[in-house]
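Each residue of the sequence shown is one higher than the one before, counting from 584 in this note's numbering. We put the beta carbon where it would ideally sit given N, CA and C, even for glycine. Bear in mind that the values here come from a model prediction, so they are computed numbers and not experimental data.
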Amino acid sequence: ALNPKGYILSGSPNSVYDEGAPILPDYVMESGRPILGICYGMQLLAHRLGGRVSGSHHREYGPAR
Numbered sequence: 584a585l586n587p588k589g590y591i592l593s594g595s596p597n598s599v600y601d602e603g604a605p606i607l608p609d610y611v612m613e614s615g616r617p618i619l620g621i622c623y624g625m626q627l628l629a630h631r632l633g634g635r636v637s638g639s640h641h642r643e644y645g646p647a648r
């Protein structure tokens, strides 16, 4: 069985409001372990905790120059 010391939630091209977007399983929130959210992961965590996530005029996902 897995016994992680914490969780890292990473990026996605989705918005937390998109149908079929990745979700945060209950066991992660209920684990009592540290959670680090990066990009979409932070939006997901904020949304799950009751925060407001708003869109931008353009998406920022993928390679950068």
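Problem set entry | Burial state of L592, where buried means 16 or more other Cβ atoms lie within 10 Å | It counts as buried.
Exercise. Which of helix, strand or coil does DSSP assign to L607?
Worked result: In the structure shown, L607 sits in coil (DSSP, three-state: anything other than H, G, I, E or B).
Problem set entry | L628, enclosing alpha helix (DSSP H) - first and last residue | For L628, the uninterrupted alpha helix (DSSP H) segment begins and ends at 623-631.
Exercise. For K588, which residues of its own chain have a beta-carbon under 7 angstroms away from its beta-carbon, when the five flanking residues on both sides are left out?
Worked result: Only R616 meet the Cβ criterion.
Problem set entry | Beta-carbon spacing of G620, L627 below 8 angstroms | Between G620 and L627, the gap from beta carbon to beta carbon is short of 8 angstroms.
For this session: Using 10 angstroms around the beta-carbon of G638, count the other beta-carbons present and answer buried if the total reaches 16, otherwise exposed.
Result: G638 counts as exposed, since fewer than 16 other beta carbons sit within 10 angstroms of its beta carbon.
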